[in-house]
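J.: I am attaching a structure below and will ask some questions about it afterwards.
Protein chains: 2
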Amino acid sequence: MSEEDQRPPERARRLPRAVRERQILDAAVQVFSRHGYHAASMDEISDVAGVSKPMIYTYLGSKEDLFGACIRREATRLLEAIQAGVQPDLPPDMQLWHGLRSFYRFVAEYRESWTVLHRQALTVGGAFAAEITDMRARAIQLVAALVVSAGTRKGVGEQAEFSGEGLAASLVGGAESLADWALDHPDISDGVLASWLMNLVWLGFNDLIEGAVWKPSE
Amino acid sequence: MSEEDQRPPERARRLPRAVRERQILDAAVQVFSRHGYHAASMDEISDVAGVSKPMIYTYLGSKEDLFGACIRREATRLLEAIQAGVQPDLPPDMQLWHGLRSFYRFVAEYRESWTVLHRQALTVGGAFAAEITDMRARAIQLVAALVVSAGTRKGVGEQAEFSGEGLAASLVGGAESLADWALDHPDISDGVLASWLMNLVWLGFNDLIEGAVWKPSE
Chain A
1 MSEEDQRPPE RARRLPRAVR ERQILDAAVQ VFSRHGYHAA SMDEISDVAG VSKPMIYTYL
61 GSKEDLFGAC IRREATRLLE AIQAGVQPDL PPDMQLWHGL RSFYRFVAEY RESWTVLHRQ
121 ALTVGGAFAA EITDMRARAI QLVAALVVSA GTRKGVGEQA EFSGEGLAAS LVGGAESLAD
181 WALDHPDISD GVLASWLMNL VWLGFNDLIE GAVWKPSE
Chain B
1 MSEEDQRPPE RARRLPRAVR ERQILDAAVQ VFSRHGYHAA SMDEISDVAG VSKPMIYTYL
61 GSKEDLFGAC IRREATRLLE AIQAGVQPDL PPDMQLWHGL RSFYRFVAEY RESWTVLHRQ
121 ALTVGGAFAA EITDMRARAI QLVAALVVSA GTRKGVGEQA EFSGEGLAAS LVGGAESLAD
181 WALDHPDISD GVLASWLMNL VWLGFNDLIE GAVWKPSE
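Heads up: the sequence lines are chains A and B, in that order. Note that the UniProt record's numbering gives residue 98 to position 98 of the first sequence, counting from 1, and the numbers run on in steps of one. Note that the UniProt record's numbering gives residue 166 to position 166 of the second sequence, counting from 1, and the numbers run on in steps of one.
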């Protein structure tokens with residue numbers, strides 16, 4: 001007889017499970033971000049979560065399953081945060097700005113999520129690397145659509161169709177690389193990071209070294 | 001008695017070893033790029049190189065040593081190719097252009113080197129990932145110096161000192177991400193890739209959607 005049996009059945013029992021799953025995932029992200037997948041132990045995850053190891057296995061499966069669940073939750077969170085920032089009725093520079101703002105705000109707020117997504121998932125390889133590649137591809141498509149729509153409005157739709165995905169791949173990679181750099185430079189705020197990248201990709205070095213600055217029109 | 005003993009001693013024996021080591025490394029890069037570190041077998045490397053397994057172990061050590069030697073050789077090649085392209089007496093845009101040209105030419109020519117450096121080394125993690133991180137840091141420093149020198153010439157040295165390394169990290173990440181994208185788009189030439197990135201970071205989207213184009217001044 002487990003302690004579960006002393007609680008009221010049905011609806012009342014569902015909440016604790018959801019809460020526990022969240023506790024487990026929060027603990028797992030913390031432990032995976034600290035040690036990496038291979039060195040992370042289920043004992044430490046169990047300690048940090050305050051949930052027994054058998055219960056972790058029952059609720060979320062093996063260490064591999066648990067890591068997969070972390071990747072999926074954090075990737076979904078990240079993409080939702082970025083999409084929530086992009087408002088399709090704004091001019092393209094403001095859409096890009098809000099997307100970048102949301103991205104760097106997420107990375108600053110969920111530093112461990114970003115570490116697991118960007119640094120750990122790739123080192124584990126296999127199916128996890130494939131999920132990350134998928135997530136990147138979705139982010140690139142999102143930015144490419146923005147480039148093509150901005151180009152089309154200005155009458156350079158054909159060039160934008162040709163180069164849009166490549167430019168978007170560069171931009172996404174540039175944004176990730178700066179986020180990665182920022183992990184080692186915690187004194188630089190997320191607003192500054194977003195404005196650096198915005199100035200780079202919107203104005204370009206040619207304007208920047210002439211002293212031009214891009215600022216949001218708010 | 002091995003066949004080595006029938007050859008003239010000293011200097012004349014050195015060449016075959018250097019040649020064999022090159023053959024082994026070439027084969028190893030090919031096999032690692034195809035299967036990844038873990039799935040790659042020393043048997044296949046031995047077959048492709050046409051060098052016996054015991055000789056591989058004698059010359060270059062374990063599979064781990066061999067992978068490390070591949071990473072170091074390819075990383076050095078790549079950095080040397082980029083540095084050879086950058087000519088410090090040219091204006092900053094032309095320096096950046098030549099650096100990018102050299103980078104994408106390298107990736108097109110040594111596709112397997114790039115795959116091992118960018119995709120495989122990170123998934124192996126540990127010391128290899130640290131070497132890649134080191135190499136990236138050197139590339140970022142190289143670009144940051146270019147940004148700071150360009151900014152200083154134009155009287156915005158202070159801003160360039162503050163943001164130069166972050167901008168350089170973005171640019172390096174953008175260049176890598178586009179090279180990665182290009183692995184799946186072999187129809188796009190290295191010249192086109194370099195010009196996309198150059199237009200993005202030199203002119204920026206704002207000028208691009210107005211139809212501006214950056215072209216080398218040759």
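The beta-carbon is built from N, C-alpha and C at its ideal position, and this holds for glycine as well.
#1: So is L78(B) in contact with chain A if we call contact Cβ pairs under 8 Å?
#2: Among the residues of its own chain, which have a CB less than 7 Å from the CB of V172(B), if the five just before and after it don't count?
#3: Taking 7 Å as the limit between beta carbons, can you name the residues of its chain near E44(B), skipping five residues before and five after?
#4: Starting from W97(B), find everything on chain A with Cβ-Cβ shorter than 9 Å and list it in chain order.
#5: To which residues of the same chain is A150(B) closer than 6 Å at the C-beta, ignoring the five residues directly before and after it?
#6: Would you please state the rounded distance, in angstroms, between the beta carbons of Y57(A) and R17(A)? I believe it to be under 8 Å.
#7: So does the stretch 178–188 of chain B actually touch the stretch 149–169 of chain B, counting three or more Cβ pairs closer than 8 Å?
#8: Tell whether a beta-carbon distance below 8 Å holds between L79(A) and L117(A).
#9: For G85(B), which option in H98(B), A145(B), R73(B) has the closest C-alpha, if you only look at C-alpha atoms?
#10: To the nearest whole angstrom, what separates the beta carbons of K154(B) and I209(A), a pair I think is in contact under 8 Å?
#11: Answer yes or no: does any C-beta atom of chain B fall closer than 8 Å to that of residue 280(A)?
#12: Take E74(B) as the anchor and find which of G61(B), K53(B), R111(B) has the nearest alpha-carbon.
#13: Counting only C-beta atoms, is V143(A) closer than 8 Å to chain B at any point?
#14: Take T122(B) and list the residues in its own chain whose beta-carbon comes closer than 7 Å to its own, dropping the five residues that flank it on each side.
#15: Find out if the Cβ-Cβ distance for the pair A175(A), L66(A) is shorter than 8 Å.
#16: Go ahead and pull the three-state DSSP assignment for K53(B).
#17: If the cut is a Cβ gap below 7 Å, which residues of chain A does L171(B) touch?
#18: What does a CB cutoff of less than 6 Å around E21(A) pick up in its chain, not counting 5 residues either side in sequence?
#19: Might you give, ordered along the chain, the residues of its own chain that have their beta carbon closer than 7 Å to the beta carbon of C70(A), omitting 5 neighbours on each side?
#20: Below 7 Å on C-beta distance, what does D190(B) contact in chain A?
#21: Looking only at C-alpha atoms, which of G191(A), I188(A), A168(A) sits nearest to V201(B)?
#22: Pick out whichever of G68(A), A194(A), R119(A) has its Cα sitting closest to the Cα of A127(A).
#23: Under DSSP, the alpha helix (DSSP H) around G157(A) begins and ends at which residues?
#24: Does any residue of chain B have a CB that is nearer than 8 Å to the CB of G61(A)?
#25: Since W196(A) and G157(B) should fall inside the 8 Å C-beta cutoff, what is the C-beta to C-beta distance between them, to a whole number of angstroms?
#26: Determine the burial state of Q120(B): buried for a count of at least 16 other Cβ atoms within 10 Å of its Cβ, exposed for fewer.
#27: Shorter than 8 Å from the beta carbon of Q177(B) to some beta carbon of chain A?
#28: What does a CB cutoff of less than 6 Å around F106(A) pick up in its chain, not counting 5 residues either side in sequence?
#29: Buried or exposed for V213(B), please, with buried defined as at least 16 other CB atoms from any protein chain shown within 10 angstroms of its CB.
#30: Determine the direct distance from the alpha carbon of Y37(A) to that of V124(A), and round the result to whole angstroms.
#31: Could you tell me which chain B residues have their CB closer than 8 Å to the CB of A129(A), listed as they occur along the chain?
#32: Rounded to whole angstroms, what's the CA-CA distance from M55(B) to D47(B)? Just pull it up for me.
#33: Y104(B) lies in the alpha helix (DSSP H); which residues open and close that run?
#34: Apart from the five residues just before and just after M198(B), which ones in its own chain have a Cβ nearer than 7 Å to its Cβ?
#35: Kindly indicate if chain B contains any beta-carbon less than 8 Å away from that of A150(A).
#36: Comparing C-alpha positions only, which one of L146(A), S189(A), A194(A), N206(A) sits nearest to E89(A)?
T.: Let's see:
#1: Here the question's residue 78(B) lines up with position 78 in the second sequence. At a cut-off of 8 Å between beta carbons, L78(B) makes no contact with chain A.
#2: Within the second sequence, numbered from 1, the residue matching residue 172(B) stands at position 172. Cβ contact annotation for V172(B) (same chain, cutoff 7 Å, sequence separation greater than five): R136, A139, I140, V143, in chain order.
#3: Working through the second sequence from its first residue, we reach residue 44(B) at position 44. Taken in chain order, the residues that qualify are V31.
#4: Translated into the one-based positions of the second sequence, residue 97(B) becomes position 97. Neighbours of W97(B) across chain A, judged by C-beta separation under 9 Å, do not exist; the nearest C-beta is about 11 Å away.
#5: In the second sequence, the residue the question calls residue 150(B) occupies position 150. Take A150(B), set aside five residues on each side of it, and the residues of its chain with a beta-carbon closer than 6 Å to its own are P92, in chain order.
#6: Within the first sequence, residue 57(A) is the residue found at index 57, counting from 1. Within the first sequence, residue 17(A) is the residue found at index 17, counting from 1. Their Cβ separation, rounded to whole angstroms, is 14 Å, which puts Y57(A) and R17(A) out of contact at 8 Å.
#7: no
#8: Taking the first sequence and counting its residues from 1, one reaches residue 79(A) at position 79. Taking the first sequence and counting its residues from 1, one reaches residue 117(A) at position 117. Going by C-beta atoms, L79(A) is not nearer than 8 Å to L117(A).
#9: Stepping through the second sequence from its first residue, residue 85(B) is reached at position 85. Cα-wise, what sits closest to G85(B) is H98(B).
#10: Mapped onto the second sequence, residue 154(B) falls at position 154. Mapped onto the first sequence, residue 209(A) falls at position 209. K154(B) to I209(A), Cβ: 4 Å. Contact.
#11: Absent from the model: residue 280(A). The displayed extent of chain A is 1 to 218, so no value can be given.
#12: Looking up residue 74(B) in the second sequence gives position 74. The residue from G61(B), K53(B), R111(B) with its alpha-carbon nearest to that of E74(B) is R111(B).
#13: Position 143 of the first sequence, counted from the start, is the residue given in the question as residue 143(A). Taking Cβ atoms only, chain B never reaches closer than 8 Å to V143(A), which makes this a no.
#14: Numbered from its first residue, the second sequence carries residue 122(B) at position 122. One point to set straight first is that residue 122(B) is Leu, not Thr, in the sequence displayed. Within the same chain, L122(B) has close Cβ partners A129, I132.
#15: Translated into the one-based positions of the first sequence, residue 175(A) becomes position 175. Translated into the one-based positions of the first sequence, residue 66(A) becomes position 66. It is not a contact, given that the beta carbons lie outside the stated cut-off.
#16: As a first step, residue 53(B) is located in the second sequence; it is residue number 53 there, counting from the start. Correct three-state label for K53(B): helix.
#17: On the second sequence, position 171 is the one that residue 171(B) refers to. Result: G174.
#18: As a working note, residue 21(A) is residue 21 in the first sequence. Around E21(A): Y59.
#19: As a working note, residue 70(A) is residue 70 in the first sequence. L25, A28, V29, F32, V116, listed in sequence order.
#20: Position 190 of the second sequence, counted from the first residue, corresponds to residue 190(B). Near D190(B) there are no residues of chain A at all, since even the closest Cβ is about 12 Å away, more than 7 Å.
#21: One-based indexing of the second sequence puts residue 201(B) at position 201. When only C-alpha atoms are compared, the closest one is A168(A).
#22: Reading the first sequence from its first residue, position 127 is the one you call residue 127(A). Closest option to A127(A), Cα to Cα, is G68(A).
#23: Position 157 of the first sequence, counted from the start, is the residue given in the question as residue 157(A). First-last of the alpha helix (DSSP H) with G157(A): 157–183.
#24: Walking along the first sequence from the start, residue 61(A) turns up at place 61. It does not; no Cβ of chain B falls within 8 Å.
#25: Here residue 196(A) refers to the residue found at position 196 of the first sequence. Here residue 157(B) refers to the residue found at position 157 of the second sequence. That belief does not hold up - the Cβ atoms of W196(A) and G157(B) are roughly 16 Å apart, past 8 Å.
#26: Along the second sequence, one-based indexing puts residue 120(B) at 120. Per the 10 Å Cβ criterion, buried.
#27: Your numbering for residue 177(B) matches position 177 in the second sequence. Looking at the sequence itself, residue 177(B) is Ser, so the reference to Gln does not match. Yes, because at least one Cβ of chain A sits closer than 8 Å to the Cβ of S177(B).
#28: For the purposes of this step, residue 106(A) is taken as the residue at position 106 of the first sequence. Around F106(A): L78, A81.
#29: Mapped onto the second sequence, residue 213(B) falls at position 213. Exposed, because fewer than 16 other Cβ atoms sit within 10 Å of the Cβ of V213(B).
#30: Reading the first sequence from its first residue, position 124 is the one you call residue 124(A). Reading the first sequence from its first residue, position 37 is the one you call residue 37(A). Cα to Cα, V124(A) sits roughly 7 Å from Y37(A).
#31: Looking up residue 129(A) in the first sequence gives position 129. By Cβ distance, chain B contributes T123.
#32: Here the question's residue 55(B) lines up with position 55 in the second sequence. Here the question's residue 47(B) lines up with position 47 in the second sequence. Answer to the nearest angstrom: the Cα atoms are 12 Å apart.
#33: Locating residue 104(B) in the second sequence gives position 104, counting from the first residue. Here the alpha helix (DSSP H) through Y104(B) covers 92–109.
#34: On the second sequence, residue 198(B) is found 198 positions in, with the first residue counted as 1. Same-chain partners within the cutoff: L96, W97, L100, W214.
#35: As a working mapping, residue 150(A) is identified with position 150 in the first sequence. Yes, contact with chain B.
#36: Position 89 of the first sequence, counted from the first residue, corresponds to residue 89(A). Reading the sequence as shown, one finds Asp at residue 89(A) and not Glu. Among L146(A), S189(A), A194(A), N206(A), the Cα nearest to that of D89(A) is on L146(A).
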